Amino acid sequence: MKHRIEVIGLGAGDLEQLPLGIYRKLTNTSGIIYVRTLDHPVIEALQKEGVEFSSFDHLYEQNKEFEAVYQDIVQFLLEKAADSTIIYAVPGHPMLAEKSVQLLLEQEEVDVEIVGGQSYLDALFASLQIDPIDGFQFIDATGFKRNQLNYQNHLIFCQVYDRFTASEVKLALLEDLPADYPVTIIDAAGSNQEKIITLPLEELDHSMEVSNLTSVYIPPVPDQFLHHTFNRLREVIATLRGPNGCPWDQEQTHESLKEYAIEEVYELLEAINNQDDEGIVEELGDVLLQIMLHSQIGEDDGYFTIDDVIRSITDKMIHRHPHVFSNVSVDSVDDVMTNWEALKREEKGESRKSILDGIPKGLPSLLKAYKLQKKAAKVGFDWDRVEDIWAKLDEEIKEVRQAIEAGNEDEIEKEFGDVLFVLANLSRYYKVNPDSALGLTNQKFINRFTFIEEQLQEKGKDINQSNLEEMDAYWNQAKERE
5 MKHRIEVIGL GAGDLEQLPL GIYRKLTNTS GIIYVRTLDH PVIEALQKEG
55 VEFSSFDHLY EQNKEFEAVY QDIVQFLLEK AADSTIIYAV PGHPMLAEKS
105 VQLLLEQEEV DVEIVGGQSY LDALFASLQI DPIDGFQFID ATGFKRNQLN
155 YQNHLIFCQV YDRFTASEVK LALLEDLPAD YPVTIIDAAG SNQEKIITLP
205 LEELDHSMEV SNLTSVYIPP VPDQFLHHTF NRLREVIATL RGPNGCPWDQ
255 EQTHESLKEY AIEEVYELLE AINNQDDEGI VEELGDVLLQ IMLHSQIGED
305 DGYFTIDDVI RSITDKMIHR HPHVFSNVSV DSVDDVMTNW EALKREEKGE
355 SRKSILDGIP KGLPSLLKAY KLQKKAAKVG FDWDRVEDIW AKLDEEIKEV
405 RQAIEAGNED EIEKEFGDVL FVLANLSRYY KVNPDSALGL TNQKFINRFT
455 FIEEQLQEKG KDINQSNLEE MDAYWNQAKE RE
């Protein structure tokens with residue numbers, strides 16, 4: 005006869021809540037009953053009736069990780085079940101938040117029979133007076149990720165074994181909720197030992213003793229506390245575009261929003277150049293707004309949604325980073341970029357006729373020159389030495405002067421273009437984005453010239469009445485202040 009492990013649930017409360025069949029099973033067993041923990045009111049009561057238990061509480065003290073504890077429990081039980089059928093009892097119901105039971109069911113060495121037990125969820129719903137039909141999420145406090153939490157549901161954290169676990173829950177919740185948000189701690193739900201206390205979130209880990217039967221309840225969170233979440237942003241944009249929304253938002257199209265997309269990106273660049281963290285946050289929000297508006301327009305027209313946008317970029321990032329998400333090895337950033345370009349061509353289906361294809365037509369000319377030369381360099385069309393680029397710059401400047409001396413306006417424009425094109429190539433060699441570099445210089449000029457205006461205004465002078473010598477002196481002062 006093949007031996008097995010019979011798994012029994014002890015329920016969430018005292019002996020009065022234990023089903024009669026489970027009670028008889030436990031009291032009629034002559035051998036030792038293995039339990040995950042002795043910290044349970046049913047065990048205390050049954051010990052008085054002469055039932056023998058052997059627990060794994062010592063494993064929790066020996067191991068820092070719960071996973072290691074469960075692995076050790078399973079290994080021990082399998083060894084014991086090799087000789088005889090054994091009973092393993094756990095708090096609550098065996099199929100509710102019991103990792104050791106899940107591990108037992110995954111193995112094939114020994115048969116596992118789930119005998120039964122009472123889940124504490126019914127008692128929990130009754131004690132908290134909530135209906136799970138409104139939306140309910142059950143979370144293991146010992147292993148969860150913040151992005152899993154749906155705050156619009158009733159949230160219940162189980163397995164809040166100790167103050168450390170309670171603290172981990174608190175810290176995660178404080179990322180999203182205010183410190184005074186009310187949460188409820190409930191212990192031994194439905195039993196005569198039940199304790200319920202509601203307190204501010206910030207006090208979660210130091211206002212009540214926690215035990216093996218402790219849960220933490222978070223009521224559904226009102227919208228005003230969720231303005232930092234993506235779903236709430238999506239709802240707001242949909243409302244603005246909806247029947248009772250804003251007339252301006254309702255009439256926008258992809259075409260009408262084009263100018264704002266460019267404007268918001270440049271405002272973001274300005275905030276970055278100014279090293280203005282608050283400004284970066286605000287401008288990133290404005291860029292995100294453009295993405296959300298375009299996506300909502302796509303959804304309203306029935307063509308695409310923000311989900312399609314997110315799926316597209318997620319798929320692209322995973323596909324283009326096989327060294328992160330697959331088994332491709334890279335030794336340098338150059339390897340990464342080589343793979344990136346190859347995968348990019350693969351995605352496009354080799355439809356481009358020229359290596360220079362793919363550069364946006366509306367790109368500013370200086371930045372376009374930079375990208376053209378960068379693409380050409382990837383196939384070896386590049387200067388061997390930077391000294392040759394400097395020599396080419398000297399040559400182009402001479403040609404500008406010759407065109408100026410000749411008074412040929414068409415040639416002057418072309419030769420100036422050649423100078424700028426070589427400068428873009430030089431900046432590429434030194435890994436400097438020419439558009440960003442020029443943007444910094446523009447801002448520097450604005451700062452210095454504004455300083456001149458301020459100094460003249462303090463002296464009651466009109467800048468139109470000043471002279472170059474005076475303005476140049478203030479210009480130098482502005483340089484010194486920098």
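With positions in the sequence shown counted from 1, the corresponding number in the numbering used here is that position plus 4. We put the beta carbon where it would ideally sit given N, CA and C, even for glycine. Note that the structure is a prediction, hence the values are computed from the model and not measured.
{"Asked": "Should Tyr74 be labelled buried (16 or more other beta-carbon atoms within 10 Å of its own) or exposed?", "Found": "buried"}
{"Asked": "What's the gap between the Cα of Thr233 and the Cα of Leu424?", "Found": "45 Å"}
{"Asked": "With distances taken Cα to Cα, identify the nearest neighbour of Pro487 among Gln141, Ile301, Leu292.", "Found": "The shown model of the chain, from 5 to 486, leaves out residue 487, and the question about it has no answer."}
{"Asked": "Just tell me which of Val11, Ala381, Lys402 has its CA closest to the CA of Met99.", "Found": "Val11"}
{"Asked": "In three-state terms, what does DSSP make of Ser440?", "Found": "helix"}
{"Asked": "Report buried or exposed for Ala395, applying the criterion of at least 16 other Cβ atoms within 10 angstroms of its Cβ.", "Found": "exposed"}
{"Asked": "Anyone know if the C-beta pair for Ser215 and Gln21 falls short of 8 Å?", "Found": "no"}
{"Asked": "Quick check on this structure: which residue in Gln447, Tyr92, Asp61 has the alpha carbon closest to the alpha carbon of Asn277?", "Found": "Gln447"}
{"Asked": "Which of the three DSSP states is assigned to Val55 in this structure?", "Found": "coil"}
{"Asked": "Tell me whether the beta-carbon of Gln294 lies closer than 8 Å to the beta-carbon of Glu268.", "Found": "yes"}
{"Asked": "Can you check DSSP and say which residues form a bridge with Phe140?", "Found": "His158"}
{"Asked": "Please classify Ser219: does DSSP put it in a helix, a strand, or coil?", "Found": "strand"}
{"Asked": "In or out: Phe385 buried (at least 16 other Cβ within 10 Å) or exposed?", "Found": "exposed"}
{"Asked": "Can you find the residues in the same chain that come closer than 8 Å, C-beta to C-beta, to Ile530, ignoring five residues on each side of it along the sequence?", "Found": "The structure shown does not extend to residue 530, since the chain is modelled only from 5 through 486, so no value can be given for it."}
{"Asked": "Just to confirm before moving on: does the CB-CB distance between Ile143 and Phe161 stay below 8 Å?", "Found": "yes"}
{"Asked": "Between the segment 420-437 and the segment 455-465, can you find at least three pairs of beta-carbon atoms closer than 8 Å?", "Found": "no"}
{"Asked": "Is any beta-carbon of chain B found at less than 8 Å from that of Leu125?", "Found": "Chain labels in this structure do not include chain B; a single protein chain is all it has."}
{"Asked": "Among Met341, Leu109, Leu153, which one has its Cα closest to the Cα of Arg230?", "Found": "Residue 230 is actually Leu in this sequence, not Arg. Measuring from the Cα of Leu230, the nearest candidate turns out to be Leu153."}
{"Asked": "Which partner residues of Pro204 appear in the DSSP bridge assignment?", "Found": "Pro186"}
{"Asked": "Is the separation between the beta-carbon of Ser88 and that of His7 shorter than 8 Å?", "Found": "yes"}
{"Asked": "Measure the alpha-carbon distance for Val94 versus Val46 and round it to whole angstroms.", "Found": "11 Å"}
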